[in-house]
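Structure record follows, encoded as structure tokens.
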Amino acid sequence: MKRTARELAAVLRAELEGDPERVVSGIAGPAEAHAEDLIYCESARHMERAQASAARTAVVEPGIRLEGKTLLRVAEPKLAFAQAAALLVERERVAEGIHATAVISPSARTGKNVAIGPYAVIEDGVEIGEGTEIGAFAYLGCGTKMGERCRVYPRVTIYPGARLGDRVILHAGVVIGSDGFGYVRGPEGQCKFPQVGGMEIGDDVEIGANSTIDRGSLGVTRIQTGVKIDNLVQIAHNVEIGRDAVIAAQTGISGSSVVERDAVIGGQVGIADHCRIERGAICGAQAGIPSGKTIRSGWMVWGTPARPMEKFKAQYAWQARLPELAERLKRLEEKAGMR
Amino acid sequence: MKRTARELAAVLRAELEGDPERVVSGIAGPAEAHAEDLIYCESARHMERAQASAARTAVVEPGIRLEGKTLLRVAEPKLAFAQAAALLVERERVAEGIHATAVISPSARTGKNVAIGPYAVIEDGVEIGEGTEIGAFAYLGCGTKMGERCRVYPRVTIYPGARLGDRVILHAGVVIGSDGFGYVRGPEGQCKFPQVGGMEIGDDVEIGANSTIDRGSLGVTRIQTGVKIDNLVQIAHNVEIGRDAVIAAQTGISGSSVVERDAVIGGQVGIADHCRIERGAICGAQAGIPSGKTIRSGWMVWGTPARPMEKFKAQYAWQARLPELAERLKRLEEKAGMR
Amino acid sequence: MKRTARELAAVLRAELEGDPERVVSGIAGPAEAHAEDLIYCESARHMERAQASAARTAVVEPGIRLEGKTLLRVAEPKLAFAQAAALLVERERVAEGIHATAVISPSARTGKNVAIGPYAVIEDGVEIGEGTEIGAFAYLGCGTKMGERCRVYPRVTIYPGARLGDRVILHAGVVIGSDGFGYVRGPEGQCKFPQVGGMEIGDDVEIGANSTIDRGSLGVTRIQTGVKIDNLVQIAHNVEIGRDAVIAAQTGISGSSVVERDAVIGGQVGIADHCRIERGAICGAQAGIPSGKTIRSGWMVWGTPARPMEKFKAQYAWQARLPELAERLKRLEEKAGMR
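Chains as they are written, first to last, in our numbering: chain A, 1 to 339; chain B, 340 to 678; chain C, 679 to 1017.
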């Protein structure tokens, strides 16, 4: 989709330097860009690369100068670039129209412009909001309610009864609302504890490929509006993830834990059951939060068991010097006649 | 499914206090319960919540008193509640009847009341026992043998030749019998080692969403009766998991390792190749068991490399005090004139 | 497929001892082998087991003697056995012919002897090379280019625009080319950074079940020829994996990191963003490589943060003795009158 630099500047509230009629028709990294692509440069460190790019238009921060290019100056070039991308790049369709092979229950209700791909299965009582696209082999169990303009990639599976908001993106292989992992040990082995609770997902949530989110056992598993979840993440029964929290790949969150809004969880983090990650707290990659712990707002933690980053670093620095400490201790003992 | 308190008391071998004709028609947590739901209370800590519930019937342990409610007294309320749930809650069907779009080989044999969902593919020589339900997009490779009353959720994939017992539950996206990860380095790069062994799963096994279990390379991968496996777990070739073992989410078990019966493996545990986790041993979350190690019966281990919990705690307590120890050492050296 | 010992010896460049006309028709482990199966024995430790096997033919290394068996002597028996397996074992077909239910765009082009299973979906502009087999429910997005003799197992999902080489094997549930995890924090929550880059996979790559590989954001995610990836691995946007690198199960590699050729990455390793694992370096299981770090050629690292194995071991040895060190320090302080 073609835009002029002038049009982009207006949308991005950018200061325009150069040719306002310059046409921009795509986005790219500096090395791969063609003349009509837009690039961005947010640091003097990357100025040379941006200067060398074939792109003739760039979003830049105040201090950056690039000769012979039309510049859109903003305080946050990466954000402006991402916003420009939404205007310039046509989104690939997950599905178009209702494919003849889709199996759709007569009791399902679909809004305007809903698209459903080949071999999707839409069970009884499902409701799908306007403009939502459902990919091939997607499975929406009985009674699933899904909002408007969602994108459900191929072979997503939604167990019965889940509720999802608007503009939710579910990538390929995601499982929503599966049974949680709960058993009670009885005289004849493990007895399955009921997993019959709810599954609610807010607006603007994105969930990465092959991630799994269990429904509540008796209560509800809740993913609030704006949450972003990476690939291969596991979220257990009765977990609550607060607004705009971000969870990187392969992290696992155990039963009944709460991640409050704006928390940032790194990759491969393990959060045991009944933990609380307070608003805006940060858990570094591979951190392990033991059962029942609270990570306070403002903390950034690392390690297993997780502790504040400064503590981790101080401990780790001495841990690396343990052989030296032991040697010094031995010398003291020798001097004291204790060896 | 409606039951009277008297009927439930008989099945649960509970002592009944209150109205024996009280009708119970479902289960719930105390906060969400309606009058006809059953709740449970196993600790005085939760008595207030139970008392405040709208539910009029509760499974409780001996010491608990709740006014105005009909009580079913048992030694283990959570277990009795789970058993009651099996009577009160109608299981959602994974499939009903044989869907017209299922592709079923003429050489496949299915027992009575087998249900197969839309777009399932059942290959040559498959055998499916009585009452088993196969969900949409499930794939049963050539020669798969599956017992009675199993539940195979949508888009489970079973590679050829696997054998599964009765009442097995496979959640969405599970892969059974895929090739193990084995190569031999040759002059022209990695040469694939044959992955042609067996894949056997006992009765009453449940496997969580998107978990993967590889067939044996030459031998057999075996998951014994009663094993429970959570989501996103990886089990490699030639592994054996003993009866009633429990494995939490995102754990990985490498080639030829053995987890004996009743072992409990936490989330994100890594068990390297040729390990043995003895009967009833417990591996805490994120523990790492190095290649070839044995974890003894009665041990509970944590950390990487995994060690008994008490050792881990003692070491960790001092690790957290390392900066202090280093400071004390420095002061001793100063006093001794060694700095 | 039947072969004589003489034929196998010729292909494997083995020294033949015994009956050159002995027929071999399969492979097996020593315990499970039948008379016509081939076994291998690469160490005197396993000689007894090999001698007791019913197999009458064995690939062995120079020092091994087995009575009554025909021997194929080679320097590397496991490699020769793997090569023999490729001759003796008929590969299971992932698909045969073009199934009537496959949805194939008229603009897709398929080479000779391409097989496509039931309910596979092949979108516009896809190209599939000669002899490639595509399993049930596989999804090849618009413009996917795939080489010759590839094996795509059931329900693999390939997002639009990916390019794959020859003889690539993708196991069930693999996702190729999904959106990377990138957002820019804006005034109204997270703004999605464009994920529109490329996705390239070389020849002879094998990727395990339910693994996920994201396309580049602006650049390209590249998996070079000969790379082997296990189950449930996550590879983020703009990562590059060099020739013949090997990556074990549940490992995660974050954005823009580079794993150079012949590197070996253990299970559950976490590699943060912008790291470089140099040629042939080894990362032990569960290692954590912090953001931006380089692991040098020749290093074998372990732990989080990852350090060379010898350092890890030296530190860990003292860590295990920390309670003892603290006690010795206390005694010194007492002697010095400092407590």
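No residue lacks a Cβ here, since even glycine has one placed at the ideal position from N, Cα and C.
Check your understanding: Out of curiosity, what's the CA-to-CA distance linking K311 of chain A and T590 of chain B?
Key -> 28 Å
Check your understanding: Is T440 of chain B close to chain A, meaning its C-beta is less than 8 Å from at least one C-beta of that chain?
Key -> Yes, its Cβ sits closer than 8 Å to a Cβ of chain A.
Exercise for review: At 3 residues or longer, and completely inside the stretch 609-652 of chain B: list those beta strand (DSSP E) runs for me, N to C.
Suggested key: For the stretch 609-652 of chain B, the full-length beta strand (DSSP E) segments reaching 3 residues or more read 639-641 along the chain.
Check your understanding: When the cut-off is 8 Å and only beta carbons count, does R554 of chain B lie next to chain A?
Key -> no
Check your understanding: Under a CB-based cut-off of 8 Å, is N916 of chain C close to chain B?
Key -> No, because no Cβ of chain B sits closer than 8 Å to the Cβ of N916 of chain C.
Review point. Mapping DSSP to helix, strand and coil, what is K870 of chain C?
Key: strand
**Study point:** Within chain A, the residues that H510 of chain B reaches when beta carbons sit closer than 8 Å
**Key:** Within chain A, the residues near H510 of chain B are V175, S178, D179.
**Study point:** Where the stretch 192-207 of chain A meets chain B: residues whose CB sits under 7 Å from a CB there
**Key:** K192, F193, P194, V196
Practice item. Answer with yes or no whether the minimum CB distance from I836 of chain C to chain B is below 8 Å. Key: no
Check your understanding: Under a CB-based cut-off of 8 Å, is K1013 of chain C close to chain A?
Key -> yes
Check your understanding: Of all Cβ atoms in chain B, is any one closer than 8 Å to the Cβ of R727 of chain C?
Key -> Not a single CB atom of chain B sits nearer than 8 Å to the CB of R727 of chain C.
Exercise for review: Within its chain, find whatever has a CB closer than 8 Å to the CB of Q422 of chain B; leave out the 5 residues flanking it on each side and keep chain order.
Suggested key: V350, L351
**Study point:** Beta-carbon neighbours of A69 of chain A, restricted to chain C and to distances below 7 Å
**Key:** Going by the sequence as given, residue 69 of chain A is Lys instead of Ala. Ordered by position in chain C, no residue passes the 7 Å Cβ test against K69 of chain A, which lies about 17 Å from the chain.
Practice item. Scan the stretch 464-497 of chain B for residues whose Cβ lies nearer than 7 Å to a Cβ of chain A and list them as they occur along the chain. Key: A475, F476, P493, R494
Check your understanding: Is it right to say S382 of chain B is buried, meaning 16 or more other beta carbons lie within 10 angstroms of its own, or is it exposed?
Key -> Answer is exposed; the Cβ neighbour count stays below 16.
Review point. Does the beta carbon of Q589 of chain B sit closer than 8 Å to a beta carbon anywhere in chain A?
Key: Yes - at least one Cβ of chain A is within 8 Å of the one on Q589 of chain B.
Point to revise | Own chain, CB closer than 7 Å to F532 of chain B, minus 5 neighbours either side, in chain order | key: G521, Y522, V523, S556
Practice item. Return the CA-CA distance between A115 of chain A and D166 of chain A, expressed in angstroms with no decimal places. Key: 15 Å
Check your understanding: Ends of the alpha helix (DSSP H) at A5 of chain A?
Key -> For A5 of chain A, the uninterrupted alpha helix (DSSP H) run begins and ends at 5-12, by DSSP.
Practice item. Identify the continuous beta strand (DSSP E) that holds A736 of chain C and give its terminal residues. Key: First-last of the beta strand (DSSP E) with A736 of chain C: 735-738.
Check your understanding: With a CB to CB cut of under 6 Å and the five nearest residues on each side skipped, what residues in its chain are close to A548 of chain B?
Key -> Exclusion of the five residues before and after A548 of chain B leaves H510, A511, G512, N570 as the residues of its chain whose Cβ lies within less than 6 Å of its Cβ.
**Study point:** Sequence-distant residues of its chain with Cβ nearer than 8 Å to T225 of chain A (five each side left out)
**Key:** G165, G202, D203, D204, V205, R243, D244
Practice item. Would you mind stating whether A353 of chain B and R448 of chain B have Cβ atoms separated by less than 8 Å? Key: no
Review point. Can you tell me where the beta strand (DSSP E) with R331 of chain A in it begins and where it stops?
Key: Where R331 of chain A is concerned, there is no enclosing beta strand (DSSP E), although the alpha helix (DSSP H) around it starts and stops at 322-335.
Point to revise | From A:E133, A:R155, A:Y153, A:Y139, residue whose alpha carbon lies closest to that of G147 of chain A | key: A:E133
Point to revise | is_contact[L218 of chain A, chain B] using C-beta, thresh 8 Å | key: yes
**Study point:** Nearest neighbour of A758 of chain C, chosen from B:E527, B:R345, B:R600, B:G368 [CA to CA]
**Key:** With distances taken between Cα atoms, A758 of chain C lies closest to B:E527.
Review point. Would you call the CB atoms of L661 of chain B and W318 of chain A closer than 8 Å?
Key: yes
Exercise for review: If I'm right that T560 of chain B touches I574 of chain B with Cβ under 8 Å, what's the distance once you round it to whole angstroms?
Suggested key: Right, the Cβ-Cβ distance comes to about 7 Å (below 8 Å), so this counts as a contact.
Exercise for review: Identify the continuous alpha helix (DSSP H) that holds M725 of chain C and give its terminal residues.
Suggested key: 725-730
Check your understanding: Which whole runs of the beta strand (DSSP E) in the stretch 97-165 of chain A are 3 residues long or more, in chain order?
Key -> none
Check your understanding: Taking only beta-carbon atoms, is A887 of chain C less than 8 Å away from chain B?
Key -> yes
Check your understanding: Assuming A963 of chain C contacts G627 of chain B under a Cβ cut-off of 8 Å, what Cβ separation, rounded to an integer in Å, is found between them?
Key -> 6 Å
**Study point:** Proximity winner among C:R681, C:V853, C:L1010, relative to Y817 of chain C (alpha-carbon distances)
**Key:** C:V853
Check your understanding: Using the rule of at least 16 other Cβ atoms within 10 Å of the residue's Cβ for burial, across every protein chain shown, is D715 of chain C buried or exposed?
Key -> Classification for D715 of chain C: buried.
Check your understanding: Does the beta-carbon distance from S256 of chain A to G606 of chain B come in below 8 Å?
Key -> no
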